[in-house]
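These protein sequences, in sequence, are chains D and X.
Per this note's numbering, the very first residue in the first sequence carries number 938; after that it's consecutive.
Per this note's numbering, the very first residue in the second sequence carries number 93; after that it's consecutive.
One structure is given below, encoded as structure tokens.
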Amino acid sequence: MTTAAANTSRRRTPLSAYGAPGVWLFASALVIALVMIVLLLGAIGVRGLQTFWPGPVERIELATGEVLMGVPVRTAAYDPSADESDRFADISASGDAIEGAFASDGRPLRRLYRVGNRDLGQEPFRWIPLPEVRAIDRPAAGTLLERTGWGVFVGRPEALLVDGERTVEGADATLSALGDALDEARDRRAQIERLRDHSLGAIDRKLTKLRLEVRRAELAAERAERPDPLSGGARWGLWIGLMAFAVGAFWFARRLAAGGSGAGSRRWMGLGLACLGAVAAVGVATEHPWANAGPSAEELASIRAAADERRLTLEADYTRVLAQIDAIRGDDARYRLVIEDVSGVMAPESAERPDEPMRVSQVVRIVTPNDAGVGELMGVYLSRWWEFLTDEPRASNTEGGIFPVIFGTVTLTLLLAVAVAPLGVIGAIYLREYARQGVVTSLVRIAVNNLAGVPSIVYGVFGLGFFCYTLGRYVDEGPAEPMATLPWWFTLGGAALMVWTAIGLAIAARPRPGAEASSGQSAARWVMGLAWLGAVALLATAASTTPYFEGFFRAQSAEGSPTFGTRGILWASLTLALLTLPVVIVATEEAISAVPRSMREGSYGCGASRWQTIRRIVLPGAGPGILTGMILAMARGAGEVAPLMLVGAVKLAPELPVSSEPPFVHGERSFMHLGFHIYDLGFQSPDAQAAEGLVWSTTLVLVALVFVLNLSAFVLRGRLRARLRTSAV
Amino acid sequence: MTAMTNTATTNGDHNVEASAQRYRLINEIRRGETPEAEVHPEVAEVESVVDVDGFSLWYGQSQALYSVRMRVPRGRVTAIIGPSGCGKSTLLRSVNRLNDLVDGVRVDGAMRLNGASVYGPGVDVIDLRKRLGMVFQKPNPFPMSIFENVVYPLRIDGERRRKVLEERCRRALEGAALWDEVKDRLQESALGLSGGQQQRLCIARAIVADPEVLLLDEPCSALDPIATLRVEELIAEISQRYTVLIVTHNMQQAARVSQFTAFMYLGRLVEYGPTAAIFQNPRLSETEEYVMGRFG
Chain D
938 MTTAAANTSR RRTPLSAYGA PGVWLFASAL VIALVMIVLL LGAIGVRGLQ
988 TFWPGPVERI ELATGEVLMG VPVRTAAYDP SADESDRFAD ISASGDAIEG
1038 AFASDGRPLR RLYRVGNRDL GQEPFRWIPL PEVRAIDRPA AGTLLERTGW
1088 GVFVGRPEAL LVDGERTVEG ADATLSALGD ALDEARDRRA QIERLRDHSL
1138 GAIDRKLTKL RLEVRRAELA AERAERPDPL SGGARWGLWI GLMAFAVGAF
1188 WFARRLAAGG SGAGSRRWMG LGLACLGAVA AVGVATEHPW ANAGPSAEEL
1238 ASIRAAADER RLTLEADYTR VLAQIDAIRG DDARYRLVIE DVSGVMAPES
1288 AERPDEPMRV SQVVRIVTPN DAGVGELMGV YLSRWWEFLT DEPRASNTEG
1338 GIFPVIFGTV TLTLLLAVAV APLGVIGAIY LREYARQGVV TSLVRIAVNN
1388 LAGVPSIVYG VFGLGFFCYT LGRYVDEGPA EPMATLPWWF TLGGAALMVW
1438 TAIGLAIAAR PRPGAEASSG QSAARWVMGL AWLGAVALLA TAASTTPYFE
1488 GFFRAQSAEG SPTFGTRGIL WASLTLALLT LPVVIVATEE AISAVPRSMR
1538 EGSYGCGASR WQTIRRIVLP GAGPGILTGM ILAMARGAGE VAPLMLVGAV
1588 KLAPELPVSS EPPFVHGERS FMHLGFHIYD LGFQSPDAQA AEGLVWSTTL
1638 VLVALVFVLN LSAFVLRGRL RARLRTSAV
Chain X
93 MTAMTNTATT NGDHNVEASA QRYRLINEIR RGETPEAEVH PEVAEVESVV
143 DVDGFSLWYG QSQALYSVRM RVPRGRVTAI IGPSGCGKST LLRSVNRLND
193 LVDGVRVDGA MRLNGASVYG PGVDVIDLRK RLGMVFQKPN PFPMSIFENV
243 VYPLRIDGER RRKVLEERCR RALEGAALWD EVKDRLQESA LGLSGGQQQR
293 LCIARAIVAD PEVLLLDEPC SALDPIATLR VEELIAEISQ RYTVLIVTHN
343 MQQAARVSQF TAFMYLGRLV EYGPTAAIFQ NPRLSETEEY VMGRFG
């Protein structure tokens, strides 16, 4: 045997056995991927950060004799047209061109200038071919003025006016005096905004409420005229009977499951009775929809009269506040600023009134970058960022801030988390802990994983069709085609019968410990499942066709402005919850199954029930994994755009989805969203050049938000893990 | 190669022939029969807590226990020994019905705890497990504080009074000889304890609710020799108050801690009697060979 071993000729190791050439290949693939990511993030970071840096204001003289002023944005080589290149060749030959007018390859350069002054009938951005430029200088008083409307103004401040008198003259004096004037003007503007938003807004809301009250009373009166074969008392009796039945069934099942331990079931019984009492109390308190009574004709008339009276008072208030606003406006109109462009044309109050100099209160920020130090420029830069993050958008989103956008995104994400967390976690617990593992659970898992692959726009279409137009309309107006009362009560009774059948079968087919189920028992179990399904279907039918529910916002719908029956943040967050559900389910399932078997056995060995084991051992152990899944789902939801375009994101939302008026979170309101905002700025903006910088900055904010979410997931998971896994040995 | 195989076969045949004369019971078991176990009369003289009566168990299609008949004496330590896969852990876990957690488990025959049926209809498994304490092979403290670990069985039983919890926690930790080591860090994570301390913590958890029987499933197999010694001392101490049923791989351990020993093989009980008799004067030659380490 030893000789045989010695005689075995070994082959040389073939080249293909070595991984060395492969290593370079694999590494380069990774490097390419990394470089692409770094380039993407770098581009977003650099472009996003430089948007708000104040560039110099340059004065340009052209060969044609034209003079203009603007802020350089960027410079690029280009291919000129034939006659342009002839002209440039002459210029280059004569030596009139400024330095650096041509690229190294001989092509002419052109520079994009932000020249502003749109109200003077000028394109706010302009490409200037550099060979045509005779001279460029940076005048000391060159000023970039950010205004509330019409975009920026580039020019030179001349004077301040009070009541038409020039109180200050000259560029430097005007600039230094403008600071105080600007503060006062801001105060006045804030006052006006407060009056408009709070006082006028409140009166407006009261008026709307009044109108709706009358409308509601009218609708109730209409409804009361329709007859119901069941008297109010009979309906009450039926309802209470059904509730009692439900509580009784629950108690019975519970008692059965607990194996007859008395104390626990008494507590459940108490809970059930409390629920019953609560429902009854709510029914009595609201008298709706169980009492079919509506106001009589006289009552309706008195309601109308009272409403009219109150409307008059409110309208008087409205006029009074308007007068206040007008007074402040009049005061505001006394202070004006004269600022002229290169050709000496003054910035007007509005394009329609070219003779009136602009008001001081129209100024948002005044930048004189040419003689400013780095510190001053930095101040402007930071204040622009601050405005961007905390202010509302102006000029159809091309100026101002994105605060409502960030706010909408964060609210949406939080609502999404609130919706998806219980759904996903409970679903995963059932799937992993309670359901018998087999073909059905495998199918469910495959289906869940497939859900993750469905294009998100499909969710958008579903959300619009189901949440907004079906569920929302139901909330608003009640069922579209209500059933007649008697068949409806039969449906409900059928559901009750199904529940009892299922419970009875559950008793009959109760598994005996340690024994295999007989064929009769498995058949009974199947029938039981069908009975539960039937009960759920009948209950769903009953709920969706109840003749006793007329919707919560019927009056608004009757006016043609649906409340929940349209796009809004609640439906958007539910749609996204559906979209991110697979992420949460998969993460939770993985986390649950990672809890060691020994922990569960230890808990069962102590006499814990399955639920106690889940609640005290499994869920805390799976916490980090569940949390990570949740945050990943939130990050995914925060970055989603396509479904949101369908179910609620808008270009400009008039109100934030959270406010100080009850119910504080307004699920029916539309909202703004970072992803949609980027799309809107990039492709729907009236002034693409002005919006470009904002696209980058908004993208930077979105990326930062998602990054922060992911980072917090990472940190949280690390911390929880450290707490759970400090095992010795 | 062929020569070697031949030799092995011959040896094997020789062994079988030799053991055919010496190991009567084991050979019957190997043939798939279930012979009556050799039970010493001393066992019958003591009052029993757990009464296993013709108990069989199947994991799906494969049978793990064959009509086991065994009475666990009250207030004593009873050890179950036997080679791997002989069903000793399965028997232990049948007492508190932990095998119910495995899919497709089926049982036959009877088991009684203090006269009450364990597998009868209408038995509340939760309640049953509360009457038994169990310690596992690998220390499995829960990821919570030492205090919460010990009072876990009380918590799930709905005990909320702080005073009671603290008192019973202290008593259990003293009973598990752990109190002096952990009394100053009861609120710290139990996962920070050493392996031996963790196992004693698990014992404290098992005795905090005053179980009728303490089930120990190879409690020292994951511990180092010194920790093992401490746990063995602890078992001896605990046995003055509780009935203990211990499964062990370690023959010396069985000899040291138990008063009765059962020897199992392939799901059948082979010999059962006082520990001294089993180790020094067994009735069956196969038991003698096994405890001497010459078999199994």
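For every residue, glycine included, the Cβ atom is placed at its ideal position computed from N, Cα and C.
Query	Result
Chain-order list of residues whose beta-carbon lies under 7 Å from that of residue 1492 of chain D (same chain, five-residue window excluded)	1149, 1152, 1153 and 1156
From D/1301, D/1308, D/1276 and D/1311, residue whose alpha carbon lies closest to that of residue 1295 of chain D	D/1276
Delimiting residues of the beta strand (DSSP E) encompassing residue 1062 of chain D	1062 to 1066
Neighbour flag for residue 326 of chain X against chain D, beta carbons, 8 Å	no
Burial state of residue 241 of chain X, where buried means 16 or more other Cβ atoms lie within 10 Å	buried
Chain-order list of residues whose beta-carbon lies under 6 Å from that of residue 1663 of chain D (same chain, five-residue window excluded)	Confidence is the limiting factor: at residue 1663 of chain D the pLDDT is only 46, short of 50, which leaves the residue's position unreliable, though a coordinate-based value still follows. Nothing meets the Cβ criterion.
Beta-carbon separation (whole angstroms), residue 356 of chain X vs residue 118 of chain X, contact threshold 8 Å	The Cβ separation is near 11 Å, so there is no contact.
Listed by chain order, chain D residues near residue 119 of chain X by CB distance under 7 Å	By Cβ distance, chain D contributes nothing, its closest Cβ being about 31 Å from residue 119 of chain X, past 7 Å.
Any 3 or more C-beta pairs closer than 8 Å across the region 1343 to 1350 of chain D and the region 1609 to 1629 of chain D	yes
Nonlocal neighbours in the same chain, by C-beta distance under 6 Å from residue 1324 of chain D, ignoring five residues either side	1338
Any C-beta of chain X under 8 Å from that of residue 1554 of chain D	yes
Residues from the region 1311 to 1338 of chain D in contact with chain X, defined by Cβ distance under 7 Å	none
Chain D contact for residue 230 of chain X (CB, 8 Å cutoff)	yes
Cutoff 8 Å: residue 1458 of chain D Cβ touching any chain X Cβ	no
Residues that residue 997 of chain D bridges to, as DSSP identifies them	D/1005 and D/1073
Residue 1379 of chain D - partner residues in DSSP beta bridges	Note: residue 1379 of chain D sits in no beta bridge, so no partner.
Beta carbon proximity, residue 278 of chain X to chain D, threshold 8 Å	no
Rounded distance between the beta-carbons of residue 978 of chain D and residue 1070 of chain D, thought under 8 Å	36 Å between Cβ atoms; not a contact.
Burial state of residue 1200 of chain D, where buried means 16 or more other Cβ atoms lie within 10 Å	Because the pLDDT of residue 1200 of chain D is 45, which lies under 50, any placement of that residue in the model is unreliable, and the number read from its coordinates should be weighed accordingly. Exposed, by the Cβ-count rule.
Proximity test, Cβ basis, 8 Å: residue 1379 of chain D and chain X	no
Coil, strand or helix - residue 229 of chain X by DSSP	coil
Where residue 147 of chain X meets chain D, residues with beta-carbon distance less than 9 Å	Correct list: empty, because the minimum Cβ distance to chain D is about 10 Å.
Cβ neighbours of residue 1368 of chain D in the same chain (closer than 8 Å, five flanking residues each side left out)	1378, 1381, 1382, 1522 and 1526
Residues of its chain near residue 938 of chain D, where Cβ-Cβ distance is below 6 Å and the 5 sequence neighbours each way are ignored	At residue 938 of chain D the pLDDT is 45, less than 50, meaning the model places this residue with poor confidence and gives no usable figure here.
Cβ neighbour criterion (16 or more within 10 Å) applied to residue 239 of chain X	buried
Contact belief for residue 226 of chain X with residue 298 of chain X at Cβ below 8 Å, rounded distance in angstroms	6 Å
Check whether residue 184 of chain X and residue 337 of chain X have beta carbons under 8 Å apart	yes
Same chain only: Cβ atoms within 8 Å of residue 246 of chain X, ignoring 5 sequence neighbours per side	256, 257, 260, 300 and 301
Contact list for residue 1535 of chain D against chain X, beta-carbon separation under 8 Å	228, 230 and 232
Contact list for residue 1541 of chain D against chain X, beta-carbon separation under 8 Å	190, 193 and 221
The region 1401 to 1416 of chain D touching the region 1471 to 1486 of chain D, judged by at least three CB pairs closer than 8 Å	yes
Touching by the beta-carbon criterion (3+ pairs, under 8 Å), the region 1048 to 1066 of chain D and the region 963 to 983 of chain D	no
Counterpart residues of residue 150 of chain X in DSSP-defined beta bridges	X/155 and X/198
Nonlocal neighbours in the same chain, by C-beta distance under 7 Å from residue 1648 of chain D, ignoring five residues either side	none
Chain X contact for residue 1544 of chain D (CB, 8 Å cutoff)	yes
Beta bridge counterpart(s) of residue 209 of chain X as assigned by DSSP	X/204
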